[in-house]
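Asks: Just passing along the structure, written as structure tokens.
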Amino acid sequence: MITNRCFTGLCGLKTLQVLDLSKNGLEGNLPRCWANLTSLKSILLYSNQFTGDIALSALVNLTSLEKLEISSNNFQIPISFRPFFNHSRLKVIDCLHNYYLLERDEFQTSVPTFQLDYISLSDAGRHGNNNAAVPKFLHHQHSLTYVELRDISFSGKSFHWLNENTTKLEALVLRNNSFSGPLQMPSNPISNISFLDISSNRISGNIPEDIPTFFPGLRFLIMSGNRFTGTIPSSFGDMAFLLHLDLSHNLLSGNIPDSVAMGCRFLGYLGLSNNTLQGSILPMRHNLIRLFSLELDANNFTTIPNSLSSCSSLRVLKINLNHLEGPFPTPICQLQSLRYLDISENNITGVLPACFSPPDIEYVQLSKNRLQRPSPHAFFNCTKLEFLDLSYNQLTGPIPKWFDSLSNLSILVLNNNLFEGEILSQFCHLSELSLINLSNNNLSGSISPCLGNITLWPLLNKFHIQQIIPLLIPSVEINLNRDIYAEALVPFVTKSIPLVYRGEMLSYFSAIDLSCNSFVGHIPPEIGRLSYLKSLNLSHNSLSGTIPITFADLTSTESLDLSYNRLTGNIPSQLANLDWLQVFNVSFNNLSGPIPQGPHFQTFDGMSYVGNQLLCGKPVSRNCTDPESTPVTPRTRKETEFMDMDTFYASFATAYITMLLAVFAILCINPYWRQAWFHLVEVSLSYCYYFVVDNLP
């Protein structure tokens, strides 16, 4: 790594033409003696920690500069770039992720001598740059091919500064600013532009029908995260070479136009999520045979047409959070290239069919539907499957045996179903597992010791599927690679708090949750081998025996919940050495003896131990010198029910006998009451006799 001491040694190189100090972690102000480098044409300082106002730096003296690349630093840069107006040879300005200084309009009136090909600006902090105006010097640039102005809160009309001479422009990125109002087209068509990104602004109104007229060469159109209303323009079908269309996170309504489905025959990505679109997810007739990513989540779609099966190249299908009903859509079974499927939070019913077995599938999310049982042959041949979530359905019966064929499975989420029976030993063959959630089912039997053979390695960015390859245009490479697994969500109760893990956080998380079932027997000591385990939840079962001493080897565990069981014995003192343990809960068991007094255990309050009458030491009130009493074995729910019924029968019999004895005693003591009682019995018998005789045929 180059250090700051090397700076002054460069000052005498007056004939130096290229200076590359990128990615060295350098910091501080630029040396003033760099003003001597008068022959310098290219300076590359990106990915460092340089500071200072570049208007006061040596860079303003380097009038031979053609390329200025200072991205990812802490420079302060005047938004007008006025200090560089005399750099007549300057072609490239790359200043992403720095800090920009606003200036009054009178400082933006000069005309620069340079004609740029490439400019990219973004504010690292967006501090105070609200409603900033687009720099006026851009009005005088006629050779631009690439413009990227993002994260600076530029306001006004998004295209008002594009002049009639900006005919060479190939890519325009205005993402994450404050452009507002209706979208207005430039004064003249720009035929060369192939990439347009105006996402994450405040643009409102209908999407103009004449976009294909002003940008006839578009291949990438990204308008997500605005306030567009109305319908998708049917004129979009005229963009025959469109590869990528993203209109997600707007207020669009209506159906997907037939013209788009037929005319955009090269479309590879279609993103319409988070709108209010309705009807069928695709028209009955379409020409989208090259489509490989279809994201329509969070809309009001109700139908999946049979024509979806003709999208033979489809790899990503996101149709969750819609109003789809009925059995599992059979057209999805025909998508043999599918790698990512999310149909969660719909109203899919019935059986998970055997026909669904795409060989390359890696991610399946079917939670929060009404699936009732899985087919014995579902997911056959899906050996690449890494993520499976079937939680919050109505799945019944034993856990299917086909799980043992999913050799690459890393995340398995089956909680909140009606599964019953024992945990199959097949789970123990899934060596890639990092997260298992079987909570809130009707599972029973003992916990298999072979669970300790699962390594539970963290994912560590195992998921790598990407949606789109880089687009190459003559002057610049625009990279749209996107890791869709970074958007995967896994709800999980850890540290006694319902959390949602996603992205990088999920990559480093490993856990087992078997809570709220009917497991019995001892906790297998083999679980102590899971040294990478972050969270273990065995609460709300009927587990007995002692807490294994081997749990002291769970050196990465942050949350350990063993509450609401029938555990006995002491809490192993070795657990006090678990440095990462943040939550420990053994409440409502029958544990006894002293509570470990390690530094981490002192942070756990009394609620972690409530319901264990024989535990002693801080933080409970019982002192370890007090005499012991007989342990009280916690009762199960069934035992409690039997106890309640026995009490009822005994109480009823006692009350009945007491009443009979009281009546007998009264009749013996008082002759008048005895005579009246026998007379009443005689009259009642006579009445019953005559009633029967009168009603006989």
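In terms of full-length UniProt numbering, the sequence shown has 531 at position 531, counting the first letter as 1, and numbering is strictly consecutive. Positions of the beta carbon are idealized from the N, C-alpha and C atoms, including for glycine.
Span of the alpha helix (DSSP H) holding residue 211?
Replies: Note, residue 211: alpha helix (DSSP H), 211–214.
Asks: Of the choices 249, 217, 375, 251, whose alpha-carbon is the least far from that of residue 237?
Replies: 217
Asks: With 16 other CB atoms within 10 Å as the buried threshold, where does residue 12 fall?
Replies: exposed
Asks: Using the Cα positions of residue 497 and residue 564, report the straight-line distance between them to the nearest angstrom.
Replies: 17 Å
Asks: From the DSSP output, in three-state form, read off residue 19 for me.
Replies: strand
Asks: Could you confirm whether any beta carbon from chain C is found closer than 8 Å to the beta carbon of residue 181?
Replies: Looking at the structure shown, chain C is missing, and only one protein chain is on hand.
Asks: Might you give, ordered along the chain, the residues of its own chain that have their beta carbon closer than 6 Å to the beta carbon of residue 265, omitting 5 neighbours on each side?
Replies: 287
Asks: Classify residue 198 as buried or exposed, calling it buried when 16 or more other Cβ atoms lie within 10 Å of its own Cβ.
Replies: buried
Asks: With distances taken Cα to Cα, identify the nearest neighbour of residue 133 among 158, 111, 118, 171.
Replies: The candidate whose alpha carbon is nearest that of residue 133 is 158.
Asks: Compute the minimum distance between the beta carbon of residue 394 and the heavy atoms of the ligand ZN, and state whether it is under 7 Å.
Replies: Of the ligands one can find in the structure shown there are none, so the ligand ZN has no counterpart to examine.
Asks: Which residues mark the beginning and the end of the beta strand (DSSP E) in which residue 389 is found?
Replies: Segment 387–389, the beta strand (DSSP E) holding residue 389.
Asks: On the three-pair Cβ rule with 8 Å, is the stretch 20–27 touching the stretch 52–61?
Replies: Between the stretch 20–27 and the stretch 52–61, the count of Cβ pairs shorter than 8 Å is below three; the stretches do not touch.
Asks: Considering only DSSP beta bridges, list what residue 597 is partnered with.
Replies: None; residue 597 has no bridge partner.
Asks: Report the rounded CA-to-CA distance for residue 446 versus residue 230, giving the unit in angstroms.
Replies: 58 Å
Asks: Tell me the rounded alpha-carbon separation between residue 567 and residue 543.
Replies: 6 Å
Asks: Nearest CA to the CA of residue 452: which residue from 400, 403, 360, 551?
Replies: It is 551.
Asks: Tell me which same chain residues have a C-beta within less than 6 Å of the C-beta of residue 584, skipping the five on either side of it?
Replies: 560, 604, 608
Asks: Taking C-alpha atoms, which residue in 65, 232, 537 lies nearest to residue 255?
Replies: 232
Asks: Can you tell me the Cα-Cα spacing of residue 60 and residue 115, whole angstroms?
Replies: 17 Å
Asks: Quick check on DSSP: helix, strand or coil for residue 582?
Replies: coil
Asks: Which two residues bound the contiguous beta strand (DSSP E) that contains residue 511?
Replies: Taken as a continuous stretch (DSSP letters only), the beta strand (DSSP E) holding residue 511 covers 511–513.
Asks: Identify the continuous beta strand (DSSP E) that holds residue 123 and give its terminal residues.
Replies: Membership of residue 123 in the beta strand (DSSP E) is indicated by the continuous run 118–123.
Asks: Which same chain residues end up closer than 6 Å to residue 22 when comparing Cβ atoms and leaving out the 5 residues on each side of it in sequence?
Replies: 44, 46, 47
Asks: Which partner residues of residue 370 appear in the DSSP bridge assignment?
Replies: Partner(s): 349.
Asks: Identify, in the order they occur along the chain, each residue of the same chain with its Cβ nearer than 6 Å to the Cβ of residue 20, setting aside the five sequence neighbours on each side.
Replies: 44
Asks: From which residue to which residue does the alpha helix (DSSP H) around residue 263 run?
Replies: It spans 258–263 - the alpha helix (DSSP H) in which residue 263 sits, taken as one unbroken run.
Asks: According to the Cβ coordinates, are residue 147 and residue 111 closer than 8 Å?
Replies: no
Asks: Residue 376 bridges to which residues according to DSSP?
Replies: Per DSSP, none; premise fails for residue 376.
Asks: Output yes or no for whether 8 Å exceeds the beta carbon distance between residue 569 and residue 592.
Replies: yes
Asks: Looking at the structure shown, is residue 719 part of a helix, part of a strand, or coil, going by DSSP?
Replies: Since the first and last residues shown for the chain are 1 and 697, residue 719 lies out of range.
Asks: By DSSP's criteria, residue 445 is part of a beta bridge. Which residues make up the other side?
Replies: 519
Asks: Please give the ranges of any alpha helix (DSSP H) in the stretch 166–211, keeping only runs that are unbroken, at least 4 residues long and fully inside the region.
Replies: none
Asks: Rounded to a whole number of angstroms, what is the C-alpha to C-alpha distance between residue 699 and residue 119?
Replies: What is shown of the chain runs 1 to 697, which leaves residue 699 out entirely.
Asks: Using CA coordinates, which residue listed in 589, 183, 610 is at the minimum distance from residue 204?
Replies: 183
Asks: Given a cut-off of 8 Å, decide if residue 306 and residue 275 are closer than it, judged by their beta-carbon atoms.
Replies: Not closer than 8 Å, so no.
Asks: Measure the alpha-carbon distance for residue 339 versus residue 323 and round it to whole angstroms.
Replies: 23 Å
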